[in-house]
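Residue numbers (our numbering): 1225 to 1391. Beta carbons: idealized from backbone N, C-alpha and C, even for Gly.
Take a look at the structure:
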């Protein structure tokens, strides 16, 4: 891992995040999400998630950070939710639903992480984690946990040992 290049990338994306063009700021938020574990990315990510000029930037940044599906990403979103106004909260909420409405395992893991984060020492982040957990518990994902074929009641196609794709 080349820490100097990673640092330079975060600095460059942070500069892009200060652009007057909302598209540049959204791109910066999307790119910075990949470096969210770096301390120097935290401030710019929070600033972009709470962009005062365009909630498109909020939406793109929140979704990119949430797609990490890890403690770091959820903590950053919880920090933003704790101080977000109603408009920004709605766009963050939309990003949460979009990211976690497909797989129940992803949503369930995020709920568990939010429970852990909410027991942390930072009251603001804990409050945001509880808000995030509430949003997550409202989501009814499209796909539930994978079940072995025997539990589904479906029979395999074709003779035993032959793939359904074989002729």
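Run of the alpha helix (DSSP H) containing residue i, from where it starts to where it stops
| i | result |
| --- | --- |
| residue 1238 | 1227 to 1240 |
| residue 1306 | 1295 to 1307 |
Beta-carbon gap between residue i and residue j smaller than 8 angstroms
| i | j | result |
| --- | --- | --- |
| residue 1269 | residue 1284 | no |
| residue 1292 | residue 1275 | no |
| residue 1278 | residue 1246 | yes |
| residue 1215 | residue 1356 | Any property of residue 1215 remains undetermined from this structure, which presents the chain solely from 1225 to 1391. |
| residue 1363 | residue 1327 | no |
| residue 1286 | residue 1349 | no |
| residue 1319 | residue 1360 | no |
| residue 1282 | residue 1244 | no |
Integer Cβ distance of residue i from residue j, believed to fall under 8 angstroms
| i | j | result |
| --- | --- | --- |
| residue 1259 | residue 1252 | With a Cβ gap of about 11 angstroms, residue 1259 and residue 1252 do not count as contacting. |
| residue 1365 | residue 1331 | 5 angstroms |
Own chain, CB closer than 8 angstroms to residue i, minus 5 neighbours either side, in chain order
| i | result |
| --- | --- |
| residue 1240 | 1248, 1249, 1251, 1252, 1255 |
| residue 1389 | Reliability fails at residue 1389, whose pLDDT of 48 lies under 50, so the model's placement of it is uncertain and no value is given. |
| residue 1315 | 1279, 1282, 1283, 1286 |
Same chain only: Cβ atoms within 6 angstroms of residue i, ignoring 5 sequence neighbours per side
| i | result |
| --- | --- |
| residue 1237 | 1252, 1255, 1256 |
| residue 1352 | 1302, 1303, 1305, 1306 |
Own chain partners of residue i with C-beta closer than 7 angstroms, once the 5 adjacent residues on each side are dropped
| i | result |
| --- | --- |
| residue 1322 | 1287 |
Given 8 angstroms as the limit, is there contact between the region 1289 to 1306 and the region 1328 to 1341, that is, 3 or more CB pairs closer than that? yes
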